[in-house]
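Residue 350 in my numbering sits at position 323 of the first sequence, and the numbers go up by one each step. Just so it is clear, CB atoms sit at the ideal spot from N, CA and C, and this is done for glycine as well. All values reported here derive from a predicted model rather than from experimental measurement. One structure is given below, encoded as structure tokens.
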Amino acid sequence: MTITTRFAPSPTGLLHIGGIRTALFSWLFARHHNGKFILRIEDTDRARSTDAAVQVILDGMAWLGLEYDAGPFYQTERAERYNEVIAQLLEAGHVYRCNCAKERVEQIRNAALSRGDKPRYDGHCRSLKVTDTNAVIRFKTPVHGQTIIDDQVQGKVIFENSELDDLIIARADGSPTYNLTVVVDDMDMAITDVIRGDDHLNNTPRQIHIFNALGANPPNYAHIPMILNPEGKKLSKRDGASGVLAYRDQGYLPAAVLNYLVRLGWSYGDQEIFSIADMIAAFDTKGINKSAASINPEKLLWLNRHYLKNAENKTLAKPLADLLQNLGINLNNGPDLIDLIDVQKHRTETLRDMAEQSVFFYNDFETYDEHAAKKHLRPVILTALQALQGALQQLQDWNNNNIKRAIEETAAQLEIKTGRLAQPLRVAVTGTSVSPSIDDTLRLLGQEKTLRRLHKGIALIELRCSS
RNA sequence: GCUCCCUUCGUCUAGCGGUCAAGGACGUUGCCCUCUCACGGCGAAAACACGAGUUCGAGUCUCGUAGGGAGCACCA
């Protein structure tokens, strides 16, 4: 049998990092077993589902490379099939119509609650022959016995059937509810392994009952723990739960996000770095932890730096270009992207940092960083900068070696350390005290821009001298 | 309230009864390297929630306590 997994988000909120991890685990499990991975959009809650949320799911998975072998399937398009199954269940007597007033059900719940019991429906209509087609349809949950889930992560979990009530599988308007659609879909799509958040663990016995009623075998289950924010609380918008695409916009690499997520709640000895191929080869539900994990932004950043450093320059060009353009930069006004990436990727944490720290290559700055200018653009360095200007002006070949030599020789002639000259130079041409190594900085900037800015810096110092 | 799940350094984790006076990684921190930021190199601090059992021996098994989490919808 082909191992088949699925990711089944409901588009009621933007897909966040927790959802992506669930998708990743399912995807990895399928890939590891040479199986199939299916994307299914559970949009039966029409009131809360949005197209925007669907788009984030599609775009997010595409961005991360979590490609699916079938789908996306939309549950709203499968209404006919659900009706068919409901009719079948009705026919077989596994379900019944119930026209209990909401108020009555509410009352029963409250009474149970105040009695210290679990709130549940009392099965009032179970033996009545309600024919009202505007009634909801409830499932006849077994009253006795136990339902045992042999969960791949949680181990054996035992539920007493008497704890469960007769759940509604179809609303008064005839539309199916979650537990029914999940079972029908998992059955029809021949899902062999369900990997999902452990918030669904409590739903599982109900779903198993429905599988049984349908004469189908339930899949294997693996309920993975949820992930928490750095404070150990439920993920909220502030924690990036606003959607996976936020990570792209913040300059994270898919490889880093995936590597970070795969190690969140799963481990393989002491290994930290996993390429996609590595994780596919190593992934197994055996390595999944049972406890919830908090996300740690610093570690994600560390991984991002790792993948940035090791990325092929050309793969970063497009995403960096997007980010630079977001900053309003005209790419024609500065260095070639590949050259830029080659020097910046070793010293930035994200592509966004890279973009922000590269602005000066493209746009002239209006003001200097105040502190840097005050510290480095001082009269003492004036003659050295003037001498350097002359040396740089004479360079025929604008390359790292020549630039470096010009700076070092000028410093040597004036008997000052290279650093004493390099920093003022850096401030003059970049406006700040931080940039790539000085020779790279000047080379990428180009001779013309360098000299123009250096000239401006010298003029500023001269102005200081005279005042 | 009831049912289910969880509990090793700040965080992610290794650990599957003795090799653990608990290992790795991020972060923090000391030193080195250095034209700035960063990288890199060498170090350091830092944890088995608590209490009973079982056992010659428990981070590892059992039970309880405490603390977290999830579910109990005509939401998914």
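Validate contact between the segment 308-322 and the segment 405-420 using beta carbons, cut 8 Å, 3 pairs: no
Check whether Val211 and Tyr123 have beta carbons under 8 Å apart: no
As assigned by DSSP and simplified to three states, the class of Gly87: helix
Secondary structure of Asp178, DSSP reduced to three states: strand
What are the complete alpha helix (DSSP H) segments, minimum 4 residues, inside the segment 199-244? 205-215 and 231-240
Run the CB neighbour count on Arg75, radius 10 Å, all protein chains shown included, and call it buried at 16 or more, exposed below. exposed
For Asp363, does the count of other Cβ atoms within 10 angstroms reach 16, so buried, or fall short, so exposed? exposed
For a quick check, are the C-beta atoms of Asn337 and Asp369 less than 8 Å apart? no
Should Ala50 go down as buried or exposed, given a rule of 16 or more other Cβ atoms within 10 Å for buried? buried
Could you spell out where the beta strand (DSSP E) holding His43 opens and where it closes? Looking at the DSSP string, His43 is not in any beta strand (DSSP E), and its letter there is neither H nor E.
Between the Cα of Leu285 and the Cα atoms of Leu472, Ile218 and Ala304, which residue gives the shortest distance? Ala304
Where does His333 sit, in a helix, a strand or coil, going by DSSP? In the structure shown, His333 sits in a helix (DSSP, three-state: H, G or I).
Runs of beta strand (DSSP E) wholly within the segment 112-195 (minimum 3 residues, chain order): 122-125, 163-166, 173-178 and 182-187
Quick one: what's got a C-beta closer than 7 Å to Leu472's C-beta in the same chain, skipping five residues either side? Non-local C-beta neighbours of Leu472 in its own chain, meaning closer than 7 Å and more than five positions away in sequence, comprise Phe388 and Val456, ordered along the chain.
Under 8 Å, do Cys125 and Arg165 count as touching if we go by C-beta distance? yes
DSSP state of Ala319 mapped onto helix, strand, coil: If DSSP states are grouped into helix, strand and coil, Ala319 belongs with coil.
Determine the direct distance from the alpha carbon of Gln134 to that of Ile176, and round the result to whole angstroms. 32 Å
So, under 8 Å CB-CB, Pro281 and Leu91 are touching, yes? Tell me the CB distance rounded to an integer number of Å. 5 Å
Cβ shell of Leu327 (< 8 Å), same chain only, five flanking positions each side left out: Tyr279, Ala283, Val284 and Tyr287
Within 10 Å of its beta-carbon, does Pro36 have 16 or more other beta-carbons around it, so buried, or fewer, so exposed? buried
Can you tell me whether DSSP reads His482 as helix, strand or coil? helix
With a threshold of 8 Å, are at least 3 pairs of Cβ atoms found where one atom belongs to the segment 422-438 and the other to the segment 379-393? no
Within its chain, find whatever has a CB closer than 6 Å to the CB of Val221; leave out the 5 residues flanking it on each side and keep chain order. Excluding residues up to 5 positions away in sequence, Pro246 and Tyr248 lie with their Cβ nearer than 6 Å to the Cβ of Val221 in the same chain.
Starting from Lys260 and walking both ways along the alpha helix (DSSP H), at which residues does that stretch end? No alpha helix (DSSP H) holds Lys260; DSSP gives it neither H nor E.
Would DSSP call Leu291 helix, strand or coil? coil
Lys431, DSSP secondary structure in three states: helix
What residue does the beta strand (DSSP E) around Gly296 start on, and which one ends it? Premise fails: Gly296 is in no beta strand (DSSP E) and is neither H nor E.
With C-beta atoms as the reference, is Ala399 less than 8 Å away from Leu347? no
8 Å Cβ cutoff met for Met214 and Phe238: yes
Could you tell me if Asp159 is buried or exposed, where buried requires 16 or more neighbouring beta carbons within 10 angstroms of its beta carbon? Exposed, because fewer than 16 other Cβ atoms sit within 10 Å of the Cβ of Asp159.
Spell out a yes or no on whether the segment 184-198 and the segment 86-103 are touching, meaning 3 or more CB-CB pairs, one atom from each, closer than 8 Å. no
Burial state of Gln298, where buried means 16 or more other Cβ atoms lie within 10 Å: exposed
Short of 7 Å in beta carbon distance, which residues of its chain neighbour Ala97, apart from the five on each side in sequence? Order them along the chain. Lys63 and Ile65
Pull up the distance between the alpha-carbon of Arg153 and that of Lys167, whole angstroms please. 7 Å
Closest Cα partner of Gly259 within the set Ala319, Val461 and His333: Ala319
Span of the alpha helix (DSSP H), counted from its first residue to its last, around Arg33: Unbroken run through Arg33 is the beta strand (DSSP E), Thr31 to Phe34; no alpha helix (DSSP H).
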